[in-house]
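Here's the structure, in structure tokens; my notes come after.
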Amino acid sequence: MSRADLDFLLYDWLEVDALTKRERYAEHDRSTFDAVLDLAEELSTDLFAPAAAAGDVAEPYVGDDGRVVLPEEVTAAVHAYAESGLVASTFPAELGGAQLPFTVQQAAGAFFQAASVGAYAYPSLALGNASLVCAHGTAEQIETYAKPILEGRWYGTMCLSEPHAGSSLTDLTTRAVRQDDGTYRLTGTKMWISAGDHELGENIVHLVLARTPDAPAGVKGISLFIVPKVLVGPDGELTERNDVALAGLNHKMGFRATTNTLLNFGEGSWTPGGRAGAVGYLVGEEGRGLAQMFHMMDSARIGVGAGAVALGYTGYLHALAYAQERPQGRPVGAKDPSAPPVPIIEHADVRRMLLAQKAYVEGGLGLILWCARLVDEQATATSDAERDRARRLLDMLTPIAKSWPSQWCLTANDLAIQVHGGAGYTRDYPVERLYRDNRLNPIHEGTHGIQGLDLLGRKAVADRGAGLALLGETIGATIARAQDAGGAAAEHGDALGTALARVGEVTTAAWAEGDPEVALANATAYLEAVGHVVVAWIWLEQELAATGRADALADGKRVAAQYFFRYELPKVWAQLDLVAARDRTTIDLDPGVL
1 MSRADLDFLL
11 YDWLEVDALT
21 KRERYAEHDR
31 STFDAVLDLA
41 EELSTDLFAP
51 AAAAGDVAEP
61 YVGDDGRVVL
71 PEEVTAAVHA
81 YAESGLVAST
91 FPAELGGAQL
101 PFTVQQAAGA
111 FFQAASVGAY
121 AYPSLALGNA
131 SLVCAHGTAE
141 QIETYAKPIL
151 EGRWYGTMCL
161 SEPHAGSSLT
171 DLTTRAVRQD
181 DGTYRLTGTK
191 MWISAGDHEL
201 GENIVHLVLA
211 RTPDAPAGVK
221 GISLFIVPKV
231 LVGPDGELTE
241 RNDVALAGLN
251 HKMGFRATTN
261 TLLNFGEGSW
271 TPGGRAGAVG
281 YLVGEEGRGL
291 AQMFHMMDSA
301 RIGVGAGAVA
311 LGYTGYLHAL
321 AYAQERPQGR
331 PVGAKDPSAP
341 PVPIIEHADV
351 RRMLLAQKAY
361 VEGGLGLILW
371 CARLVDEQAT
381 ATSDAERDRA
391 RRLLDMLTPI
401 AKSWPSQWCL
411 TANDLAIQVH
421 GGAGYTRDYP
431 VERLYRDNRL
441 NPIHEGTHGI
451 QGLDLLGRKA
461 VADRGAGLAL
471 LGETIGATIA
481 RAQDAGGAAA
491 EHGDALGTAL
501 ARVGEVTTAA
511 WAEGDPEVAL
521 ANATAYLEAV
531 GHVVVAWIWL
541 EQELAATGRA
551 DALADGKRVA
561 AQYFFRYELP
571 KVWAQLDLVA
581 ARDRTTIDLD
591 PGVL
């Protein structure tokens, strides 16, 4: 991760230090923000980077005593994070937090994700869990289950998927039966649960989606429950083991340092009080579980995009360093075969691959930090209208922030391997591992296809297209500034304006027949095209922020923006035409020919 780039994005572009004028962040200034980034960079370099290689080679396993065993390097890194003071950095002071802007926390997190996305997943998931409990739980639940997480002593998960259902939450069958004392007993199996079992802390708080016996079918019948691994007494002391059993670990292509588990609830391995079933505590009201879980899921989706950016970014930096040092070949016009070889960065195609990586990862980082800035706006803006605007924009951008980096920063990792040549395909260089680690990101927290359905099927058309119109208005304001600036920025603004107008036309055309099957058949193409339009906007924003600067970083921003507008934005036309035509190729396809 480039600290210089983060400073440019945070201070020159997003002006995050201006947030200190708001009451929530009034005790901070740029020096405290810089201190947080310094600490994150130090910890990630000294402890998380060694944990990445260790967690990949010696992946977690279940010991003879049934406990999960992690590499010492992973444990040391996670414990150091727990002791760093960063755990509750964005939470309110009354919960022990530092009330740090989320944008700064997201930037600090990029260092950890770049160094070891697998080790960082433990505290990251725990914080998402605590945030949900604080938002939807009772005061007692916050005190009992969220505070120990914020203190770095406990960890947390979200348990959605089941072996038979996968992402289709409508089909989940985990059952929760209310007891006379107001608790519930849960029985069922959850699959693909990241950080679902380990010995890093004293307890693990599972947030579990389940159905009560009289719940209606579909997502409206889903409720949310707190199910601790170890039960908690009235004074907060840990008592007996809950009926939550680790059935096994999934063996992954990458991202190996994070345990990925199959958990059985209520299988009878432990029977608190002599009654089978895992003890659970309802969060909020019955039937509201999925809406509440989206509080954590949407945050996790942006976190997935952030992780994809971080892995792509560090792969790009490795490829850049290799290209600068690796001598091979001679310039195309060279006449003397005895002349010494030049560094491969001298070759145009290698520069093309590096420039593509730069455009993907720096554009993706800008998108993620823009979304983080919206979180801060939503929390601290001075008017209801400003807060609502931030909420609508964030809602609209979430599927793009999850999927665009997951696709194109993975492509950056692929190009990083290509720059290394045959060496990149070996384990002697980290780019091979970075690609494997990043390959998970297009899958988890809602696949690429699911995000496309969400964008075209819900976000772009909700409230008669209010979210899409607001996004268009926001991008339009950037285009107007670019036209005033003139030069390359004005040229890029014109191209973006043309593409933006086409997005509006295509969205209407996709739904012209009112048939969801037809409209959504090419939702993935829509997601990819709109994602490119959004990242073109982010690049135009960065280009404008670099105006007047004459240094290497600003020059790099200008050339990367030029690349994106000349090489990448033109790709959207064929995809948008496909969506507008309501192409039926995949609908009419006979599966028997596949």
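Just so we're aligned: 492 in UniProt numbering is position 492 of the sequence shown, and the numbers increase by one with no gaps anywhere.
All residues carry an ideal CB built from backbone N, CA and C; glycine is no exception.
Sequence-distant residues of its chain with Cβ nearer than 6 Å to residue i (five each side left out)
i, result
"T61", "Just to set this straight, residue 61 is Tyr in the shown sequence, not Thr. So the qualifying residues of the chain are V69."
"A359", "A560, Y563, F564"
"P405", "G305, A308, V309, G364"
"residue 647", "Within the shown structure, residues of the chain are numbered from 1 to 594, placing residue 647 beyond reach of any answer."
"G97", "A88, F91"
CA nearest to the CA of residue i, picked from the options
i, options, result
"L500", "A523, R481, G514, T474", "T474"
"G284", "I302, Y313, I226", "I226"
"W370", "W537, A416, T382", "W537"
"E244", "A278, A257, E432", "The question names Glu, but residue 244 in the sequence shown is Val. With distances taken between Cα atoms, V244 lies closest to A278."
"E72", "G66, D65, A80", "A80"
"R178", "A495, A215, Y11, E151", "A215"
"G55", "S31, G85, K252", "K252"
"G280", "K229, G254, T189, D235", "K229"
"A510", "C159, V461, H492, A276", "V461"
"L394", "L468, V332, L440", "L468"
"Y25", "R67, T586, F8, P101", "P101"
Beta-carbon proximity check, residue i vs residue j, cutoff 8 Å
i, j, result
"T212", "D298", "no"
"L453", "L553", "no"
"L290", "L169", "yes"
"A323", "V419", "yes"
"L578", "A525", "yes"
"H295", "H198", "no"
"L576", "V506", "yes"
"L209", "L231", "no"
"T75", "L200", "yes"
"L311", "D388", "no"
"S131", "G446", "no"
"A412", "Y316", "yes"
"P442", "L415", "no"
"R373", "T103", "yes"
"Q357", "I344", "no"
"residue 595", "S116", "Any property of residue 595 remains undetermined from this structure, which presents the chain solely from 1 to 594."
"Y313", "A114", "yes"
Cutoff 7 Å; reference residue i; Cβ partners in own chain excluding five residues on either side
i, result
"A93", "Q99"
"A111", "First, the amino acid is wrong: residue 111 is Phe here, not Ala. Same-chain partners within the cutoff: M1, A40, E41, S44."
"Q451", "P399, K402, S403, L527"
"residue 598", "Residue 598 lies beyond the stretch modelled for the chain, which goes from 1 to 594, so this question has no answer here."
"A195", "A121, Y122, L125, Y155, T157, T258, T259"
"W13", "E541, Q542, A545"
"A107", "L6, L10, L37, L369"
"E202", "R153, W154, L238"
"A18", "none"
"T426", "E432"
With 16 other Cβ atoms within 10 Å as the buried cut-off, status of residue i
i, result
"N242", "buried"
"S161", "buried"
"S338", "exposed"
"residue 610", "Nothing can be reported for residue 610: it is not among the residues displayed for the chain, which extend from 1 to 594."
"R352", "exposed"
"A550", "exposed"
"P50", "buried"
"L282", "buried"
"R433", "buried"
"V16", "buried"
"S31", "exposed"
"H318", "buried"
"S383", "exposed"
"D341", "For clarity, residue 341 is Pro in the given sequence; the question names Asp instead. So P341 counts as exposed."
"E59", "buried"
"R464", "exposed"
"H164", "exposed"
"K21", "exposed"
"R301", "buried"
"P430", "buried"
Own chain, CB closer than 8 Å to residue i, minus 5 neighbours either side, in chain order
i, result
"R558", "A488, E543, A546"
"L569", "A495, L496, A499, H532, V533, A536"
"E513", "A519, R582"
Where in the region 23-53 do unbroken runs of the beta strand (DSSP E), each at least 3 residues long, occur, reported from the N-terminal end onward? none
List in chain order: all unbroken alpha helix (DSSP H) runs of 4+ residues lying wholly within the region 94-159. 102-136, 147-150
Enumerate, from N- to C-terminal direction, the unbroken alpha helix (DSSP H) stretches of 4 or more residues contained entirely within the region 436-503. 448-454, 462-485
Every unbroken alpha helix (DSSP H) within the region 328-416, with a cutoff of 4 residues, ordered by chain: 348-380
Enumerate, from N- to C-terminal direction, the unbroken beta strand (DSSP E) stretches of 3 or more residues contained entirely within the region 222-267. 222-228, 230-232, 238-241, 244-249, 260-265
Completely contained alpha helix (DSSP H) runs for the region 504-554, where each covers 4 or more residues: 516-519, 523-545
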